[in-house]
Structure formats: C-alpha cells, structure tokens
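Numbering (our numbering), first residue to last: 32 to 349. Note that the Cβ used here is the ideal one computed from N, Cα and C, for glycine as well. Values in this document were obtained by computation on a predicted structure and should not be read as measured data. Following: one structure in structure tokens, then a few remarks.
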Amino acid sequence: NDGGFRRDENQPLDTDALIVDESSMIDISLMYALLRAIPDHARLILVGDIDQLPSVGPGNVMGDIIASETVAVARLRHIYRQAGDSRIVANAHRINEGQWPQVDNDARADFFFVEEDDPDRVAEKIEELVARRLPKGRNLDPLRQIQVLSPMYKGQTGALQLNRRLQERLNPGRKAHVIGDRELREGDRVMQVRNNYDKGVFNGDLGRIGRLHKDEDEAFAEVVFEDGIVQRYEFTQLEQLTLAYAISIHRSQGSEFPAVVMPLTTQHYPMLQRNLLYTAVTRARELFVLVGSKRALKRAIDNDQQANRFTSLADRLR
C-alpha cells in the first residue's frame, strides 16, 4: 500500500458520532486526515489529557482547539480508573500541580520511591526489581506485567542499556538472530516501531517472539502479540521490531501497564520535565516504582517549561 488512508471526503466514515481517545497524541497532519474522513452531519468527541507529552509530530492540536474557545469543553475531575485512595492517582495530580509526591513505601502501597544517586546502581536495582523482587513480592510476570519506562534511550539507565541488561537476566541463552549491534531471541518481549498495515500491527504494539526459524529455504520469526494475533516476519523485516523490556516514555503514550518501573537520574537532565514524569506515572494501573535521585525528581517536578510550538490553529478557529 501507499501508506495513505482509505477514507476521505469522497469515501467518508459511515458514522453519526466518532469518539477519539488519547487525542493529545494527534498531530496536525493526522487530524487533517481524520476530519476529511468524517461526514458533515457527524459529531466528533475528542478525549485526552493536554498535560501529558505533546504529539510527536507537528502542532498542538488538542491544546489549540481548547484555547480557541470555539467548541464545548468538559473537564473530568472525578477519578474512576483506579480506587480513590490510590497513591498513583493522588501523586499524578500532585506532580501535575508541581508538588512533591507522597511516599511512605508501605508494603501495601502502590507508589514507591527507591532513592539512589549512582546511575549504575539505579540500573542494578531496576534489574533486581523486575527480575526478582516484584515477581516474588507482588506475583507479577516480568515479561507480561512489568514495564520499564525510561526518559531517554542512551546512558546506563536509558532504554537501550536496560534492554540489554534485562534481556540477559530474563531471557538468557535462547536461540537468537543478530541485527547489527542488537540481538533478538526467542521469548523476547518486543515492540512494533512502525505501522504495518499489511500485517495489521501498528507502532507501539507489544508482543513476544515465539519462534525463530532459519534454513536454506527460508528465515523468519513468529511474533505473538498481546491481542493473541501471531504474525510472521521475514528476517529482513525485523528492523520493525525492537526489544521492549524497557521503552521510552514517549513510546508508552496511549498504553497502560499493571506495573511500571522508572529510572530518574541526572543523566536524564535534558528530559527532566513535569509532563514527562506525569505521563510515566499515569501509565501504571496497579504499581509505580521510581528509582533514582531526589535531585532529579525535584528537577522534573519543578520544570514546567515546554518547548514552544508556534501554531496558528487557535486563531484560525476563532
């Protein structure tokens, strides 16, 4: 296919109302394509959180629509997703308001802060949490229920190094295929990193490599995605997959996980922003564990500065 959309003004969606979740992730080009595909009589309802990270692509669509004051806006303030006494929910709101999270590290709590300044020790503690302590103490499957979210890719506590460390700890000695400087093994947790419409898998979809096969006639991997769908990848297509024991917070947007473990060190200084931390905390349903330094945490909470996006959408809507 050509990577375009099947629906537009000439073949619109057959709908009277369209609800779009995680709307803060929509950039200007995608919103343009979406609006072209909606019939004139239909209603569009956008649901999202403008306090999370902005869209990867250009624009500030949801924020501009709200700022234009030309459409009806409802702000939902009552928490239904989790129990009202959840520290995850309470601390997400505190962080979003620039306040220090409440942490007592009670064994029954759902929000923990493990203080450690040294990045190497942070990486070691994350490995131990994911591989032993949380599976034992909380009965969590490290390959299906625990997700490490990192602010960056590089450094000892970046997603790349954490993936190598966790792959070796959680899935050692399995049949493997080497792609450049990385290795994919049978049993690895992986993520699709680009849309593949032919396979019906999309950027951000998570799964596990069920089988690697290579002989003189063919070479392929079978990936079992979380929705149960099994897709076959020729070895030449494996660049579409990346290890996903640890992923970036940006890639986690739109997803939720039973348990989230997050490193936060001064190595991440350029990325220490309030909306990044807030986004990470809100990805966790049952448990959030922050491992890092108080200095880095204070920087993230205090830093409410976001890169300006100069757009004219709000003015054009008025």
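Cβ-Cβ distance between residue i and residue j below 9 Å
i      : j      : result
Gln284 : Thr310 : yes
Asp65  : Ala48  : Reading off the sequence shown, one finds Leu at residue 65, where the question assumed Asp. Result no, Cβ atoms of Leu65 and Ala48 do not sit closer than 9 Å.
Arg239 : Gln271 : no
Pro294 : Val221 : no
Thr313 : Ala123 : yes
Glu217 : Leu243 : yes
Arg263 : Glu253 : yes
Thr296 : Ser279 : no
Residue i - partner residues in DSSP beta bridges
i      : result
Ile260 : DSSP output for Ile260 lists no bridge partner at all.
Arg242 : Glu253
Thr273 : Met222
Leu344 : Answer by DSSP bridge pairing: none, since Leu344 is not bridged.
Pro132 : DSSP, once it has assigned bridges, lists no residue as partnering Pro132.
Glu214 : Val209
Phe233 : Phe233 pairs with nothing; no bridge assigned.
Val322 : Val145 and Pro294
Range of the contiguous alpha helix (DSSP H) that encloses residue i
i      : result
Arg326 : Lys325 to Asp333
Pro51  : It is worth fixing the name first, because residue 51 is Val in this sequence and not Pro. Careful: Val51 lies outside any alpha helix (DSSP H), inside the beta strand (DSSP E) at Ala48 to Val51.
His109 : No alpha helix (DSSP H) holds His109; DSSP gives it neither H nor E.
Ala98  : Val92 to Ser99
His281 : Ile280 to Ser283
Ile126 : Arg118 to Asn127
Pro166 : Leu165 to Arg169
Val104 : No alpha helix (DSSP H) holds Val104; DSSP gives it neither H nor E.
Integer-rounded CB distance, given that residue j should sit under 8 Å from residue i
i      : j      : result
Phe288 : Glu265 : Rounded, the Cβ-Cβ distance is 30 Å, inconsistent with contact.
Val153 : Phe143 : Not really, about 14 Å apart at Cβ, beyond 8 Å.
Arg316 : Gly90  : 29 Å between Cβ atoms; not a contact.
Where the beta strand (DSSP E) through residue i begins and ends
i      : result
Leu180 : Ile177 to Ser181
Ala190 : Where Ala190 is concerned, there is no enclosing beta strand (DSSP E), although the alpha helix (DSSP H) it sits in stretches over Ala190 to Leu201.
Arg67  : From DSSP, Arg67 is part of no beta strand (DSSP E) but of the alpha helix (DSSP H) over Ile59 to Arg67.
Pro150 : Where Pro150 is concerned, there is no enclosing beta strand (DSSP E), although the alpha helix (DSSP H) it sits in stretches over Pro150 to Glu159.
Ala138 : Taken as a continuous stretch (DSSP letters only), Ala138 belongs to no beta strand (DSSP E), as it is neither H nor E.
Burial state of residue i (16 or more Cβ within 10 Å)
i      : result
His299 : buried
Asn32  : With a pLDDT of 45 at Asn32, under the threshold of 50, the predicted position of this residue should be treated as unreliable, though the coordinate-derived value follows. Exposed, because fewer than 16 other Cβ atoms sit within 10 Å of the Cβ of Asn32.
Phe319 : buried
Thr101 : exposed
Gln42  : exposed
Leu269 : buried
Glu158 : buried
Lys167 : exposed
Pro85  : buried
The ligand SAH heavy atom lying under 8 Å from the CB of residue i
i      : result
Pro294 : With respect to small molecules bound, the structure shown includes none, and the ligand SAH cannot be examined in it.
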